[in-house]
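> Mapping to UniProt numbering: the sequence shown position 10 is 10, numbers consecutive. Handing you a structure now.
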Amino acid sequence: MSLESTLSEVGSIIGKKGEIVKRFREESGAKINISDGSCPERIVTVTGPTTSIFKAFTLICKKFEEVSIFTNAV
Numbered sequence: 001m002s003l004e005s006t007l008s009e010v011g012s013i014i015g016k017k018g019e020i021v022k023r024f025r026e027e028s029g030a031k032i033n034i035s036d037g038s039c040p041e042r043i044v045t046v047t048g049p050t051t052s053i054f055k056a057f058t059l060i061c062k063k064f065e066e067v068s069i070f071t072n073a074v
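Printed below as a string of structure tokens:
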């Protein structure tokens, strides 16, 4: 499965030195790939068993929500 994200959204799931995306990979068991930064939109692709994909997308969506709430609160 894939989703299109903005640069700031993708930054929130990558984290410093890739810490967050590494944790998401470990917690979900899914492979998470993010397209290079050559365009404003980035493609996040998640592959693996269905349950792993679902877990990864849940983690990603929760992170996007946290960033959205924080950004709107400032």
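Even glycine gets a Cβ: it sits at the ideal position worked out from N, Cα and C. Just so you know, these numbers come straight off a predicted model, no measurement behind them.
Quick one: give me the first and last residue of the alpha helix (DSSP H) that S28 is part of.
Unbroken alpha helix (DSSP H) run through S28: 19 to 28.
> Does the contact criterion of 3 or more C-beta pairs under 8 angstroms hold for the stretch 1 to 13 versus the stretch 33 to 50?
Cβ pair count under 8 angstroms is three or more, so yes.
> Would you please state the rounded distance, in angstroms, between the beta carbons of V46 and M1? I believe it to be under 8 angstroms.
Correct: roughly 5 angstroms between the Cβ atoms.
> My guess is that S12 and K63 are in contact by the Cβ rule of under 8 angstroms, so how many angstroms apart are they, rounded?
Sure, about 6 angstroms apart at Cβ, within 8 angstroms.
> Would you give the residue range spanned by the alpha helix (DSSP H) that S8 belongs to?
Run containing S8: 7 to 14, per the alpha helix (DSSP H) assignment.
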